[in-house]
Structures are given as C-alpha cells and as structure tokens.
Amino acid sequence: MAIVTPIETRPGERRRLRLASPATLEPIDEIGVANADDVRAAVEAARKAQPAWAALSVRERARYLMRAQRVLLERQDEFLETILRESGKPRSEALMMEIFASCDALGFYAKHAPRYLRPEKKKLHGILRFLKKLRISYRPLGVVGVISPWNGPFILALNPTVQALVAGNAVVVKPSEVTPRSGALVGEIFEAAGLPEGVLQVLLGDGETGAALVEAGVQKIAFTGSVATGRKVAEACARRLIPCTLELGGKDPMIVCADADLDRAAGGAVAGAFLNTGQYCCGTERVYVVDEVADAFLEKVLSRVAKLRQGAEGEFDVGPLFWDRQLATVQRQVEQAVAQGARVLAGGRRNPDLPGLYWEPTVLVDVTHDMAVMREETFGPVLPIVRVRDEEEAVRMANDSDFGLGANVWTGNVEKGCEIAARIESGSVCVNDMTMTYGVQEAPFGGLKQSGIGQTNGELGVRSFCWAQPVLVDRFGGRQTASQYPYSRKKDEGLQRFMRLLFGSPLGRWLS
Ligand code: NAD
2 MAIVTPIETR PGERRRLRLA SPATLEPIDE IGVANADDVR AAVEAARKAQ PAWAALSVRE
62 RARYLMRAQR VLLERQDEFL ETILRESGKP RSEALMMEIF ASCDALGFYA KHAPRYLRPE
122 KKKLHGILRF LKKLRISYRP LGVVGVISPW NGPFILALNP TVQALVAGNA VVVKPSEVTP
182 RSGALVGEIF EAAGLPEGVL QVLLGDGETG AALVEAGVQK IAFTGSVATG RKVAEACARR
242 LIPCTLELGG KDPMIVCADA DLDRAAGGAV AGAFLNTGQY CCGTERVYVV DEVADAFLEK
302 VLSRVAKLRQ GAEGEFDVGP LFWDRQLATV QRQVEQAVAQ GARVLAGGRR NPDLPGLYWE
362 PTVLVDVTHD MAVMREETFG PVLPIVRVRD EEEAVRMAND SDFGLGANVW TGNVEKGCEI
422 AARIESGSVC VNDMTMTYGV QEAPFGGLKQ SGIGQTNGEL GVRSFCWAQP VLVDRFGGRQ
482 TASQYPYSRK KDEGLQRFMR LLFGSPLGRW LS
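Just so you know, the sequence shown maps onto residues 2 to 513 in the numbering used here.
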C-alpha cells in the first residue's frame, strides 16, 4: 500500500495526491499539487513583500520569531496531532525533535540574529588602514526557496525558514508530499504571529512543485533531502547561477573504543539507530567496536533492543517507517546482507503484529563493506555492528564511505575522542553522544562528500542567507586615485622604494 498515490484528474486540472497513514495505512488526507504557475505567483508575491520586510530592523523581525514561538507553545498539542497523524512517530519523539527543537530555534535566532547581522567595521591591514575604512553589511538575498523532506517534517521546514526570514528574505517553502500538513504548520505559526502577507508562503506538492520553485527566479535554494534529488537541484541552481545549500543523506559511523563506558555506548547506539525509526539523517548506520569489548557491547545492545516497544498507540518507543519506499529500501538491504552472510541478532523482518509500515528494530553482525547495508544510506531501524582490531582500523573503516555527514566516538578519554574526531571525514562528530549536532544551533551543520554542500545553523547559517556587502570609504575623499594619471617611471620608482621599505624592513613588516 502506497502512502502517496495520485488521484485521477481531468486534463488541465491541478494534480491531486491521496495520503495514507504509515501507522494504519488508512487514507488520511488529499492535497492539490501546486504547479509552475502557482509557484511563479507565490515567488512574485514574495518579491513584492520582501523589500518592506527587509526594511525592518533585525530586532523588529526577531519579534515575529518570538511571537511564533509563543503560538507554537500554546498550540503544541494541535501541532503534535498533525505531525503524529502524518508520521506515526512516538509522541515523545515528535515533542522533542519537532516542537522543542523548533521552539529552541525560534528563540535562538530571535536572540542571536541581531548580533550575527550587525554591520561590522573591519580594521584593514598594512598601509591600507591609513587610507580606507571598511564596513561590511549583511544584506538579504531576496526570495529564498526552502525544500524539505518528510523525516523531520516540521523542524526541517522551519529551521532554514527562520534563518532566511530573520536575515530579511521572503521565503517560499515546499514541504515533502509525504508529510505536507506538518510542513505547512510553519506557515500557520507565522501567520498567527502576524507576519506580513507574502513574506512566507507554503506550497504543497511533490517533485514537480520543488523543481518549479528552483526555476521560479528565487535567489537561493535551501534543500534538505536525498542525494539523488540534491544533485538535480544543484544542477538546476548551477544553470540559473543561484547558490544552494544541500543537506543530504548520511551513513554515520560510530566508533566504540576499548575504554568506553559500554553501558552508555550501547544506549547511544540504540538511540542513534532507532530514533525516529532510524529515519534520521545523522542516525547511526554503522558501528565499529574494538574486538576486546565487542562481546560485552553487543550483549548490552541486544538487551536494550529487546526492551524497545514498537507500536501505533499509547506509549511506545519505535514507530513505523513514514513511507513505503523507505520500507522497500530497508527490506532490500537487510535481505541482501543476509544472503551475503550477515547474521540477524534482532528483528530483521516486517513486524507481523502491526498493519502499518513497521520494520522491527534490527541488529546485524558479520557485515562487510561490500554489502549495500554498509555502503548505501538505509534510513531505517537497522544497526549493523562490526568488530575491529583497534581504533586505527575503526577510523579507516569509518572513512571508507561515500558519505560524510556525522559520526560519533565513544571513549573514556575525551582528548583521544577529539583526536579521533579530527581524523574522521564527516561534517560533524560527537564524542560520547549520538550525533545530535543539528539540534545545537551554534554548531555549523552540513556534510562532506555526498552528504551535501554548504552549512546551515548559527552565525554561518544566518549569514548564508545574506550577501556580505563591503562598503569601502576613502579617508581622503579619493585624492590618491584622482591623481593616478599620468603614469610615469618616476612614480613607479617611488612605489618600488616604498615596497622595499614596507616588505623588506623590520619597521615596514611591523606596519604591514
Ligand atoms: P527527497 O530528495 O526525495 O525529497 C526531498 C524534497 O525534494 C521533497 O520535498 C520533494 O518533494 C522534493 N523534490 C523531489 N524532486 C524534486 C526536484 N526534482 N526538484 C526539487 N525538489 C524535488 O528526500 P526525502 O526522501 O524526502 O528525504 C529523505 C532524505 O533526506 C534522506 O536521504 C535523508 O538523509 C535526507 N535528510 C538530510 C538531512 C540533513 O540535514 N543532511 C536532514 C533530513 C533528511
């Protein structure tokens, strides 16, 4: 049963999609797919609204963020209901990953953006400091398109939107067709916060709508999603010569050193692999544990996995996959791995007791790097564990991947953990915790290799939605340049003498 199915429409009509619940497979909603005309109209409205929005001070814009945070706090149960209906995730996960994280992002940028976006006076180097003054202003780009996935349907639409808005841009958001109403909540909180019309619009639709948004004359695309779509978005942006940030997939490694607290490491592995049913871009998808502690670690992991409750109602720990395509990927990878010699120590099958897209939390051993489950993104509740000789081998295997999003290292020696972190080829690393950098707004977030281009969050993230415009003022009203001509040998000799003094003498070197 597909979660998103096309509804038959007459020629010329907007396409429509029917959505089903991943938990029950019952129909829950229908949406119209915004077409290229709808997208162009939205971008046009955004362009008209943007100058007045940009003319507000950052503090004034930040006030809308604070109002949106209040709306979210007050209406959180209503918002949770939408997210749970579309995703089936445990309430605690939605509360933590979607509502808490969104409140935090809104408050964080309201508080810190005024500082990030304050014009800066820069001291110039060398002789220039006597001649010029430099001021850098952070100017908005114009209209930004945000295209988001289904796994964090609210937070992943909200977070880039907030950063783009506070920087003075108008935003058009296109949430995933798998979880459209959860993405649309971003529009709802800002509408309730009184955001001026046109500054933020949400368009529902699928790939057709996303592709049209890239082509609609926006100044930047902030894309979060798969590598395959990210590549298409990057190609279209390159053709239009607009920047994009791509937050793409991962295959995060976890390294367990012999001196790690094994109880906590086992807890970290289980949370890292099964949070959000494994549909977490920085989910732990490969564990490398040093041989001498591997048996004890494995035992602790299995005992924790045995206690996980998978369900659809009431209190449970692991929900369904959010759409059928993901279930198919998980099933293919696990079955192929088993055919190639992997052993299943837990799960390894679709849950026979639940009607929805439930794959049991799965632990695999005897896995190798020629298996898809170790090379491709799984994005599901699967934890493959590999014994390694030592930490050297763990680092080498961790880096043997096309992805480089996150990683985590577990050790009793934090210094050693940081040294190992510095050798891992990934956008971020956590020491003694599952990868959770995305939730720490100060930390720039992004991926290496196929995991993406650019970084989001924090000062760097907010400024990535700006043009850093230098304004250079001549202290002498342009006298120097005005008397540049005519060139002469005498002037050249003067400059050469000056260069010898500036770059060839201790006083000059001190000055420059
Ligand atoms: P996806 O690439 O299928 O879709 C993402 C979005 O792009 C959706 O809104 C979709 O409608 C839209 N889209 C589809 N075709 C398009 C096109 N041609 N042009 C423009 N937009 C188009 O990804 P998904 O399945 O929704 O999300 C899962 C993926 O997202 C996983 O790979 C996961 O790792 C990744 N992800 C990454 C991060 C991160 O921060 N790095 C965070 C969450 C998810």
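All C-beta atoms, glycine included, are put in the ideal place defined by N, C-alpha and C.
What's the gap between the Cα of Gly197 and the Cα of Val172?
As a first step, residue 197 is located in the sequence shown; it is residue number 196 there, counting from the start. As a first step, residue 172 is located in the sequence shown; it is residue number 171 there, counting from the start. In the sequence under discussion, the amino acid at residue 197 is Pro, which differs from the Gly named in the question. Approximately 12 Å, taken between the alpha carbons.
Presumed contact (8 Å Cβ cut-off) between Ala270 and Leu384, rounded CB distance:
Stepping through the sequence shown from its first residue, residue 270 is reached at position 269. Stepping through the sequence shown from its first residue, residue 384 is reached at position 383. With 8 Å as the limit, Ala270 and Leu384 qualify as a contact, their Cβ atoms being about 6 Å apart.
Mind checking who Lys221 pairs with in its DSSP beta bridge?
Locating residue 221 in the sequence shown gives position 220, counting from the first residue. According to DSSP, which records beta bridges pairwise, Lys221 is partnered with Val145.
Quick one: using the 10 Å Cβ neighbour count with 16 as the cut-off for buried, is Asn277 buried or exposed?
By 1-based counting over the sequence shown, the position of residue 277 is 276. That one is buried.
Indicate whether Gln164 and Val364 have their beta-carbon atoms separated by less than 9 Å.
Locating residue 164 in the sequence shown gives position 163, where the first residue counts as 1. Locating residue 364 in the sequence shown gives position 363, where the first residue counts as 1. No. Outside cutoff.
List in chain order: all unbroken alpha helix (DSSP H) runs of 4+ residues lying wholly within the stretch 313–355.
325–340
Which of helix, strand or coil does DSSP assign to Glu236?
Along the sequence shown, one-based indexing puts residue 236 at 235. Helix.
By how many angstroms is the C-alpha of Arg424 removed from the C-alpha of Arg119?
Numbered from 1 along the sequence shown, position 118 holds the residue referred to as residue 119. Numbered from 1 along the sequence shown, position 423 holds the residue referred to as residue 424. Taking the straight line joining both Cα atoms gives about 35 Å.
Assigned secondary structure, Gly153 (DSSP; H/G/I helix, E/B strand, else coil)
In the sequence shown, counting from the first residue as 1, residue 153 sits at position 152. Three-state DSSP puts Gly153 in coil, outside helix and strand.
Opening and closing residue of the alpha helix (DSSP H) in which Met375 lies
Within the sequence shown, numbered from 1, the residue matching residue 375 stands at position 374. Here the alpha helix (DSSP H) through Met375 covers Ala373 to Arg376.
On the criterion of 16 or more Cβ atoms from any shown chain inside 10 Å, does Met600 qualify as buried, or is it exposed?
No statement about residue 600 is possible, as the shown extent of the chain runs from 2 to 513 and does not include it.
Expressed to the nearest angstrom, what Euclidean distance is found between the alpha-carbon atoms of Lys134 and Arg510?
What you label residue 134 is simply residue 133 of the sequence shown in a count that begins at 1. What you label residue 510 is simply residue 509 of the sequence shown in a count that begins at 1. In a straight line, the C-alpha of Lys134 is about 21 Å away from that of Arg510.
For the alpha helix (DSSP H) that contains Lys175, what are its first and last residues?
Numbered from its first residue, the sequence shown carries residue 175 at position 174. Per DSSP, Lys175 belongs to no alpha helix (DSSP H); it is in the beta strand (DSSP E), Ala171 to Lys175.
Report the three-state DSSP secondary structure of Gly479 (helix, strand or coil).
Start at 1 with the first residue of the sequence shown, and residue 479 comes out as number 478. DSSP places Gly479 in coil when its eight states are reduced to three.
Do you know how far the Cα of Tyr289 is from the Cα of Asp253?
As a working note, residue 253 is residue 252 in the sequence shown. As a working note, residue 289 is residue 288 in the sequence shown. When rounded, the distance between both Cα atoms is 11 Å.
Considering only their Cβ atoms, is the gap separating Leu107 from Gln77 smaller than 9 Å?
Walking along the sequence shown from the start, residue 77 turns up at place 76. Walking along the sequence shown from the start, residue 107 turns up at place 106. Not a contact, by the Cβ cut-off of 9 Å.
Selection from Cys238, Val147 and Gly218 that minimises the alpha carbon distance to Thr225:
In the sequence shown, the residue the question calls residue 225 occupies position 224. That would be Val147, whose Cα lies nearest to the Cα of Thr225.
Would you call the stretch 470–480 and the stretch 417–436 in contact, with 3 or more CB pairs under 8 Å?
no
On the DSSP bridge list, what partners appear for Lys134?
Here residue 134 corresponds to residue number 133 of the sequence shown, with the count starting at 1. Beta-bridge pairing links Lys134 to Val474.
Asp30 in three-state terms, based on DSSP
In the sequence shown, counting from the first residue as 1, residue 30 sits at position 29. Residue state, collapsed to three classes: strand.
Helix, strand or coil: which one does DSSP assign to Asn458?
Taking the sequence shown and counting its residues from 1, one reaches residue 458 at position 457. Three-state result, Asn458: coil.
Are the CB atoms of Ala217 and Val34 within a distance shorter than 9 Å?
Counted from its first residue, the sequence shown places residue 34 at position 33. Counted from its first residue, the sequence shown places residue 217 at position 216. Going by C-beta atoms, Val34 is not nearer than 9 Å to Ala217.
What's the gap between the Cα of Arg19 and the Cα of Glu178?
By one-based count along the sequence shown, residue 19 stands at place 18. By one-based count along the sequence shown, residue 178 stands at place 177. C-alpha separation (whole angstroms): 10 Å.
Suppose contacts are defined by Cβ-Cβ distances below 9 Å. Is Cys282 in contact with Asn152 by that definition?
One-based indexing of the sequence shown puts residue 282 at position 281. One-based indexing of the sequence shown puts residue 152 at position 151. Yes, the Cβ-Cβ distance between Cys282 and Asn152 is below 9 Å.
DSSP state of Ala24, grouped into three classes?
As a first step, residue 24 is located in the sequence shown; it is residue number 23 there, counting from the start. Note: Ala24 maps to coil in three-state DSSP.
Secondary structure of Phe466, DSSP reduced to three states:
Taking the sequence shown and counting its residues from 1, the one referred to as residue 466 is at position 465. Phe466: coil per DSSP, three-state reduction.
Arg501 (DSSP reduced to helix, strand or coil):
Start at 1 with the first residue of the sequence shown, and residue 501 comes out as number 500. Reduced to three states, the DSSP call for Arg501 is helix.
Which residues in the same chain have their Cβ closer than 6 Å to the Cβ of Ala444, if we skip the five residues on either side of it in sequence?
Indexing the sequence shown from 1 puts residue 444 at position 443. These residues qualify, in order along the chain: Thr438.
Ala274 versus Glu286 - alpha carbon distance
The residue given as residue 274 occupies position 273 in the sequence shown. The residue given as residue 286 occupies position 285 in the sequence shown. Rounded to the nearest angstrom, the two C-alpha atoms are 6 Å apart.
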